[in-house]
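*Asks:* Numbering (this note's numbering), first residue to last: 491 to 572.
Glycine included, each C-beta is placed from N, C-alpha and C at the ideal position.
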Amino acid sequence: MDGDTGKIGELPLEPNLILETSPGNGQPFWLFDRPLKPAEAKPLAEALKRATGSDNGTADVTHVWRVPGTLNWPNRKKLEPR
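#1: For residue 502, which option in 511, 542 and 509 has the closest C-alpha, if you only look at C-alpha atoms?
#2: Helix, strand or coil for residue 515 per DSSP?
#3: Could you check whether residue 551 and residue 532 sit closer than 9 Å to each other, using their CB atoms as the reference points?
#4: What number of angstroms, rounded off, separates the C-alpha of residue 512 from the C-alpha of residue 528?
#5: Who are residue 507's beta bridge partners in DSSP?
Structure below.
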């Protein structure tokens with residue numbers, strides 16, 4: 491899922507919040523009413539990956555995202571024009 495490039499697929503739910511990761515770019519978040527066990531989260535993550543056309547990292551339920559408020563130091567590849 492990549493909201494910055496428009497690759498977010500179609501989801502029936504609006505995100506609960508969008509974190510601005512850099513000027514004009516954001517990361518959507520959908521909040522659950524309870525924590526999910528890995529056995530529950532994995533099929534949901536796989537379904538979201540398929541629905542949005544995301545890369546394989548999207549379905550990795552052990553993946554830890556950058557903590558809000560911390561800095562992202564781009565490498566050379568990220569700085570290259572697309």
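*Replies:* So, to answer that:
#1: Against the sequence shown, residue 502 aligns to sequence position 12. Selected option, being the one with the closest Cα: 542.
#2: What you label residue 515 is simply residue 25 of the sequence shown in a count that begins at 1. Note: residue 515 maps to strand in three-state DSSP.
#3: Start at 1 with the first residue of the sequence shown, and residue 532 comes out as number 42. Start at 1 with the first residue of the sequence shown, and residue 551 comes out as number 61. Result yes, Cβ atoms of residue 532 and residue 551 sit closer than 9 Å.
#4: As a position in the sequence shown, residue 512 is number 22, starting the count at 1. As a position in the sequence shown, residue 528 is number 38, starting the count at 1. About 30 Å.
#5: Sequence index remark: in the sequence shown, residue 507 carries index 17 (1-based). Residue 507 pairs with 519.
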